[in-house]
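Colleague: One structure, as structure tokens, below. Some questions next.
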């Protein structure tokens with residue numbers, strides 16, 4: 001990507017979810033943002049974030065507003081970060097299709113994800129995770145897991161860049177980044193900065 | 001993450017509770033009374049469902065004591081959908097809340113729609129792992145609930161009426177109170193006076209004055225029946241809407257549910273709102289709040 005891209009805003013898929021928290025994180029880093037609810041709003045962006053929220057709702061809305069094709073095209077040429085539900089939307093496929101309730105991931109990140117992998121809200125938790133292989137973000141990171149998904153398979157082109165114990169919680173494939181937790185809910189901006197470095 | 005409470009462990013717990021409320025933003029939370037309705041709601045794009053035995057308009061009609069729903073019915077709904085499942089407890093009924101927590105619901109609504117179990121106290125919500133949402137009519141009521149541990153605030157509106165007038169009033173009250181506090185930033189005497197008048201903790205009042213918003217998500221509920229109602233509440237400042245009787249007391253719930261979901265997303269786009277408002281069939285008939293006797297209103301419950 002040319003140097004000019006660094007002046008472009010980061011897009012936030014804002015059909016539903018905590019996109020405003022990502023907006024605050026990028027603002028704190030001095031980076032402009034733009035809400036994306038329609039295909040034309042993907043023009044002229046530096047990259048895109050698919051936030052946390054409900055993946056069933058996001059699936060319905062992506063298809064109703066005709067964003068599925070445009071999002072796939074965009075991801076072929078730009079960095080995209082998905083957090084929690086955003087990772088589910090980026091995934092290749094879902095474990096336990098019967099319980100997927102019509103969630104249709106975009107099929108971009110070669111991995112299999114299990115929704116609500118830890119249980120319901122009473123099973124949500126905070127834990128330190130170890131990031132390695134993401135320039136500028138390496139080290140221990142305070143992660144918030146809310147009705148979080150679990151990554152149960154990663155393909156050969158996928159690099160695990162974050163672990164909770166032995167379990168992958170952050171993965172990268174080229175300029176696609178998927179996290180099972182919510183960096184936007186903490187004050188620690190290292191992962192947002194690392195994402196901007198991909199852009 | 002917010003930091004208000006002196007115990008840092010409470011802060012982490014509260015952060016996760018508010019975190020789930022953040023994930024629901026921009027969406028629609030729908031009242032459902034069985035698994036079949038829950039599936040319709042999820043299919044329409046609801047971000048969560050509220051499981052209850054009778055929708056508020058039915059509670060109005062049939063009367064009697066309205067209590068927490070049967071756990072078996074809530075469990076059926078939990079099995080049928082993968083979006084968060086909420087359920088209601090009576091105001092002050094901490095044991096109904098303990099039971100719902102044991103059942104693993106994702107959110108508890110301590111709700112004026114049910115018959116209050118305590119005429120003085122609300123549930124102290126901090127000790128629970130499960131987050132709570134509570135209704136309010138003004139900022140003082142919102143901050144009293146937050147100080148008890150509520151992780152989400154909604155307007156009370158007038159549930160089961162199909163009349164949006166009270167939700168509008170309550171949202172304007174809350175936002176008006178917040179705007180008014182701005183002039184007292186840094187004036188601790190004035191803020192203390194406001195806190196006393198609102199019967200709310202000083203620290204929360206000072207935080208709101210400083211930040212110009214509630215420290216937890218601010219949603220709308222009570223009387224929302226059409227896509228236009230949902231979009232109006234969003235334009236007024238609500239971050240998400242609850243739709244109770246408005247969907248399953250209408251002619252054709254599926255399409256209406258879908259339309260309200262889109263109206264919540266494209267709340268600021270009149271052309272889109274026109275498009276989704278077409279061919280929806282009849283909304284719920286409803287009852288005008290201005291024609292109700294005081295004793296019929298649910299919004300007055302809560303302290």
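Chains as they are written, first to last, in the working numbering: chain A, 1 to 199; chain E, 1 to 303.
For glycine and all other residues, C-beta sits at the position ideal for the given N, C-alpha and C.
List, from N- to C-terminal side, the beta strand (DSSP E) runs of 3 residues or more that fit wholly inside the segment 73-141 of chain A.
Modeller: The qualifying runs are 80-83, 91-94, 109-114 and 125-131.
Colleague: Between which two residues does the beta strand (DSSP E) harbouring residue 73 (chain E) extend?
Modeller: Residue 73 (chain E) -> not in any beta strand (DSSP E); alpha helix (DSSP H) instead, spanning 71-80.
Colleague: Using a Cβ-Cβ cut-off of less than 9 Å, list which residues of the segment 172-186 of chain E approach chain A; keep chain order.
Modeller: Cβ contacts with chain A come from no residue of the segment 172-186 of chain E.
Colleague: If we cut at 8 Å on Cβ distances, does residue 36 (chain A) have a partner in chain E?
Modeller: Output row for residue 36 (chain A): interface = no.
Colleague: Mind checking if residue 2 (chain E) is an interface residue toward chain A, Cβ cutoff 8 Å exclusive?
Modeller: Low confidence applies here, because residue 2 (chain E) scores a pLDDT of 49, under 50, leaving its location unreliable; read the following figure in that light. For residue 2 (chain E), the answer is no, since every Cβ of chain A falls outside 8 Å of its Cβ.
Colleague: Please report the distance separating the alpha-carbon of residue 87 (chain E) from that of residue 69 (chain E).
Modeller: Approximately 8 Å, taken between the alpha carbons.
Colleague: Counting only the same chain and skipping the five closest in sequence on each side, list residues whose C-beta sits under 7 Å from that of residue 45 (chain E).
Modeller: Excluding positions up to five away in sequence, the list reads 258 and 261.
Colleague: Pull up the distance between the alpha-carbon of residue 16 (chain A) and that of residue 103 (chain A), whole angstroms please.
Modeller: Taking the straight line joining both Cα atoms gives about 15 Å.
Colleague: Quick one: Cα of residue 248 (chain E) to Cα of residue 191 (chain A), how far?
Modeller: The alpha-carbon atoms of residue 248 (chain E) and residue 191 (chain A) are separated by roughly 43 Å.
Colleague: Is there a Cβ from chain A that is less than 8 Å from the Cβ of residue 256 (chain E)?
Modeller: No, its Cβ sits nowhere closer than 8 Å to a Cβ of chain A.
Colleague: What residue from A:185, A:119 and A:86 has the CA that sits closest to residue 62 (chain A)'s CA?
Modeller: The candidate whose alpha carbon is nearest that of residue 62 (chain A) is A:86.
Colleague: For residue 317 (chain E), does the count of other Cβ atoms within 10 angstroms reach 16, so buried, or fall short, so exposed?
Modeller: Residue 317 (chain E) lies beyond the range of chain E shown here (1 to 303); nothing can be said about it.
Colleague: Kindly say whether residue 88 (chain E), judged by its beta-carbon, lies nearer than 8 Å to any beta-carbon of chain A.
Modeller: No, no contact with chain A.
Colleague: Got a sec: which bits of the segment 125-145 of chain A sit with their beta carbon under 8 Å from any beta carbon on chain E, in order along the chain?
Modeller: Within the segment 125-145 of chain A, the residues whose Cβ lies closer than 8 Å to some Cβ of chain E are 125, 126 and 144, listed in chain order.
Colleague: From residue 190 (chain E) to residue 146 (chain E), what does the alpha carbon distance come to, in whole angstroms?
Modeller: Cα to Cα, the separation comes out at about 21 Å.
Colleague: Does the beta-carbon of residue 109 (chain E) have 16 or more other beta-carbons within 10 angstroms, so that it is buried, or is it exposed?
Modeller: When all chains shown are included, residue 109 (chain E) counts as buried.
Colleague: Is the distance from the Cβ of residue 176 (chain A) to the Cβ of residue 90 (chain A) below 8 Å?
Modeller: Taking 8 Å as the Cβ cut-off, residue 176 (chain A) and residue 90 (chain A) qualify as a contacting pair.
Colleague: In the DSSP output, which residue or residues are listed as bridge partners for residue 111 (chain E)?
Modeller: Per DSSP, E:90.
Colleague: Quick check: what's the CA-CA separation for residue 198 (chain E) versus residue 302 (chain E)?
Modeller: Each residue's alpha carbon lies about 14 Å from the other.
Colleague: Name the DSSP bridge partner or partners of residue 168 (chain A)?
Modeller: Answer is A:163, bridged to residue 168 (chain A).
Colleague: Could you confirm whether any beta carbon from chain E is found closer than 8 Å to the beta carbon of residue 77 (chain A)?
Modeller: It does not; no Cβ of chain E falls within 8 Å.
Colleague: In three-state terms, what does DSSP make of residue 1 (chain A)?
Modeller: Caution is warranted here: a pLDDT of 46 is assigned to residue 1 (chain A), below 50, making its placement in the model unreliable, and no coordinate value can be reported.
Colleague: Taking the alpha-carbon of residue 40 (chain A) as reference, which of A:73, A:94, A:95 and A:112 has the nearest alpha-carbon?
Modeller: Of the listed residues, the one whose Cα sits closest to residue 40 (chain A) is A:73.
Colleague: Find the residues of chain A that neighbour residue 210 (chain E), judging by a C-beta separation of less than 8 Å, and give them in chain order.
Modeller: Result: empty, since nearest Cβ-Cβ is about 16 Å, beyond 8 Å.
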